[in-house]
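This note's numbering puts the last residue of the sequence shown at 568; the count rises by one with no breaks.
Idealized CB from N, CA, C, for every residue including glycine.
As the structure is a prediction and not an experimental result, all values here were calculated from the model.
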Amino acid sequence: QLKPELVYEWLQKVGVTDLPTWNPAGKIALGGALIQTSEPFGRYFSGLHPREASTYRYVYTLLHSYAHLFTKTVAELSGLDIGSLGEYLFPADLAFVVYRNGTTMDLGNLSSLWRNENNRFLALLLEPASHRCNSGSLCDFSGGACPDCIMVPETTCVAQNQLLSRAVLRGGLAPREDLTHKAQRIPGFFEVTNGGPAY
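Quick look at the structure:
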């Protein structure tokens, strides 16, 4: 689960068009305000079309991209095939869950990963090399997501690899679904939360 204050600060810096007014000290959680901006994407994301930069889309893209980074890091350090993992996204809670399909009751490789490699795992999530694309700049100029970097098999992905971009994590050209910032750079979540560009 991501900290609401950090997500809200990042959304302000991105400049989404419908950011609700929210007070961290108030009674309403950010998720409550976020639900008011939600939009249906349709079955199999058939209703997803490029439009203005919206709060809900950016929160969804952030959680989805973070979940894929998390999944790839789990697969890299646990020895599990990336296709054996799955994800759930909870935008109103600013949270995601990565799980193993058909796992044993003791979580098998996942518990070993956490027991033996927990510090390395957390460090890898923030390492600049983890946010780069293996194809160089090939996908940097067309959405920031391709099979070489952040996309995963469709058996793993809950959203058919849509609403996905490394730019929301590390900064870069806006996602392809954002017409407000078309061909413009947006700040990444890690840039904002870690105090400035790291690339």
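For this session: Determine the burial state of Phe-465: buried for a count of at least 16 other Cβ atoms within 10 Å of its Cβ, exposed for fewer.
Result: Buried, because 16 or more other Cβ atoms sit within 10 Å of the Cβ of Phe-465.
For this session: Alpha carbon to alpha carbon, how far is Thr-406 from Pro-497? Give it in angstroms, no decimals.
Result: 32 Å
For this session: Might you give, ordered along the chain, the residues of its own chain that have their beta carbon closer than 6 Å to the beta carbon of Glu-546, omitting 5 neighbours on each side?
Result: Pro-419
Exercise. If Glu-421 sits next to Thr-549, beta carbons under 8 Å apart, how far is it from one beta carbon to the other, in whole angstroms?
Worked result: 5 Å
Exercise. Going straight from the alpha carbon of Ser-459 to that of Pro-409, what length do you get?
Worked result: Looking at the sequence itself, residue 459 is Phe, so the reference to Ser does not match. The straight-line gap from Cα to Cα measures roughly 14 Å.
Exercise. What is the rounded straight-line gap between the Cα of Leu-482 and the Cα of Leu-399?
Worked result: Those two C-alpha atoms are separated by around 32 Å.
Exercise. Going by Cα to Cα distance, which pick from Val-443, Leu-380, Ala-514 is closest to Asn-503?
Worked result: Ala-514
Exercise. Which residue spans inside the stretch 408–463 form an unbroken alpha helix (DSSP H) run of at least 4?
Worked result: 424–447
Exercise. Going by beta carbon distance, what residues of the same chain come within less than 7 Å of Gln-370, once the five residues before and after it are set aside?
Worked result: Asp-462, Leu-463, Ala-464
Exercise. What residues in its chain sit with their C-beta under 8 Å from that of Leu-479, if we drop five residues either side in the sequence?
Worked result: Val-443, Ser-447, Leu-449, Arg-469, Thr-472.
Exercise. Roughly how many angstroms separate the alpha carbons of Thr-386 and Val-521, rounded to a whole number?
Worked result: 30 Å
For this session: Could you say which of Ala-528, Tyr-427, Ala-436 lies nearest to Glu-378 if we only look at CA atoms?
Result: Tyr-427
Exercise. Can you pull the DSSP bridge partners for Tyr-468?
Worked result: In the DSSP output, where bridge partners are listed per residue, Tyr-468 has Gly-455.
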